[in-house]
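Peer 1:
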Amino acid sequence: EQISALVNETNAELIVPLIVGDRWVGFLTLGEIQTGESYDTEEDYDLLKSVAAHAASSINNAILFEKILKARELEAFNKLACFVVHDLKNAISMLSMVTENAKVHFCNPEFQKDALQSISGAVTRMKKILVSLSTSPGKVGKLGVSGRL
2 EQISALVNET NAELIVPLIV GDRWVGFLTL GEIQTGESYD TEEDYDLLKS
52 VAAHAASSIN NAILFEKILK ARELEAFNKL ACFVVHDLKN AISMLSMVTE
102 NAKVHFCNPE FQKDALQSIS GAVTRMKKIL VSLSTSPGKV GKLGVSGRL
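In this text, residue positions in the sequence shown follow my numbering: the first is 2, and each later residue adds one.
#1: Please report the distance separating the alpha-carbon of threonine 42 from that of asparagine 61.
#2: Buried or exposed: which applies to leucine 19, given that a residue is buried once 16 or more other Cβ atoms fall within 10 Å of its Cβ?
#3: Phenylalanine 66 lies in the alpha helix (DSSP H); which residues open and close that run?
#4: Helix, strand or coil for isoleucine 16? Go by DSSP, reduced to three states.
#5: Can you tell which of Leu7, His55, Val26 and Asp23 has the C-alpha that lies nearest to the C-alpha of glycine 32?
#6: For alanine 88, count the other beta carbons within 10 Å of its own beta carbon; 16 or more makes it buried, fewer makes it exposed. Which is it?
#7: Could you check how far apart the C-beta atoms of leucine 81 and alanine 56 are, in whole angstroms? I think they sit under 8 Å.
#8: Which value, in whole angstroms, describes the spacing of the CA atoms of threonine 11 and lysine 71?
#9: With DSSP as the reference, label threonine 11 as helix, strand or coil.
#10: Classify arginine 149: buried if its beta carbon has 16 or more other beta carbons within 10 angstroms, exposed otherwise.
#11: Mapping the DSSP letters down to three states, classify glycine 142 as helix, strand or coil.
#12: Roughly how many whole angstroms lie between the Cα atoms of alanine 92 and lysine 68?
#13: Provide the residue span of the alpha helix (DSSP H) that contains threonine 125, from first to last.
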């Protein structure tokens with residue numbers, strides 16, 4: 002049913018499958034020859050096989066290129082995510098140390114001063130991460146090679 006629908010929809014005189022390896026990637030449909038002749042010579046079939054092979058290869062290359070682009074995008078996203086996670090872990094670790102030390106040294110004015118500076122620095126770094134992530138994709142490059150802001 003699907004093939005007859007394809008023939009009717011395209012007014013195809015001939016349908017040539019486009020195959021790469023053992024996978025079908027499409028069909029090449031040919032209408033009636035302008036002169037009224039039919040596709041029945043060996044030369045016609047050889048030409049059609051050659052055209053079909055080239056078309057199938059081109060379609061397959063386009064599919065593979067699209068897969069490569071998606072893989073590269075995913076790789077770039079994963080690298081960015083690793084940098085962000087690393088920076089957030091560092092900030093959390095530092096804040097955790099300040100919290101633990103505060104249990105013992107909270108009344109020490111020098112500790113209070115250092116703790117506020119450390120907390121302020123961590124908040125500033127986390128804000129920079131958020132600003133960097135919220136910019137357009139072309140501007141995410143604010144993260145350096147090491148991923149640090």
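In this text, a Cβ means the ideal position worked out from N, Cα and C, and glycines have one as well. Being a predicted model, the structure only gives us computed values, none of them experimental.
Peer 2: So, from the listed chains and residues:
#1: In the sequence shown, counting from the first residue as 1, residue 42 sits at position 41. In the sequence shown, counting from the first residue as 1, residue 61 sits at position 60. In a straight line, the C-alpha of threonine 42 is about 28 Å away from that of asparagine 61.
#2: The residue given as residue 19 occupies position 18 in the sequence shown. Looking at its Cβ environment, which holds 16 or more other Cβ atoms inside 10 Å, leucine 19 is buried.
#3: Within the sequence shown, numbered from 1, the residue matching residue 66 stands at position 65. Element bounds for phenylalanine 66: 43-106.
#4: Along the sequence shown, read from residue 1 onward, the residue named residue 16 stands at position 15. Reduced to three states, the DSSP call for isoleucine 16 is strand.
#5: Along the sequence shown, one-based indexing puts residue 32 at 31. Residue Leu7 is the option with its Cα nearest to glycine 32.
#6: As a position in the sequence shown, residue 88 is number 87, starting the count at 1. Rather than alanine, the amino acid found at residue 88 in this sequence is aspartate. Buried is the call here.
#7: Reading the sequence shown from its first residue, position 80 is the one you call residue 81. Reading the sequence shown from its first residue, position 55 is the one you call residue 56. So it is not a contact: roughly 38 Å between Cβ atoms.
#8: Taking the sequence shown and counting its residues from 1, the one referred to as residue 11 is at position 10. Taking the sequence shown and counting its residues from 1, the one referred to as residue 71 is at position 70. The straight-line gap from Cα to Cα measures roughly 33 Å.
#9: By one-based count along the sequence shown, residue 11 stands at place 10. It is helical.
#10: Mapped onto the sequence shown, residue 149 falls at position 148. Bear in mind that the predicted position of arginine 149 carries a pLDDT of just 44, short of 50, making it too unreliable to give a figure here.
#11: Counting from 1 along the sequence shown, the entry for residue 142 is found at position 141. Model confidence at glycine 142 stands at a pLDDT of 47, short of 50, so the residue's coordinates are unreliable and nothing is read from them.
#12: In the sequence shown, counting from the first residue as 1, residue 92 sits at position 91. In the sequence shown, counting from the first residue as 1, residue 68 sits at position 67. One C-alpha to the other measures close to 36 Å.
#13: Taking the sequence shown and counting its residues from 1, one reaches residue 125 at position 124. Segment 110-135, the alpha helix (DSSP H) holding threonine 125.
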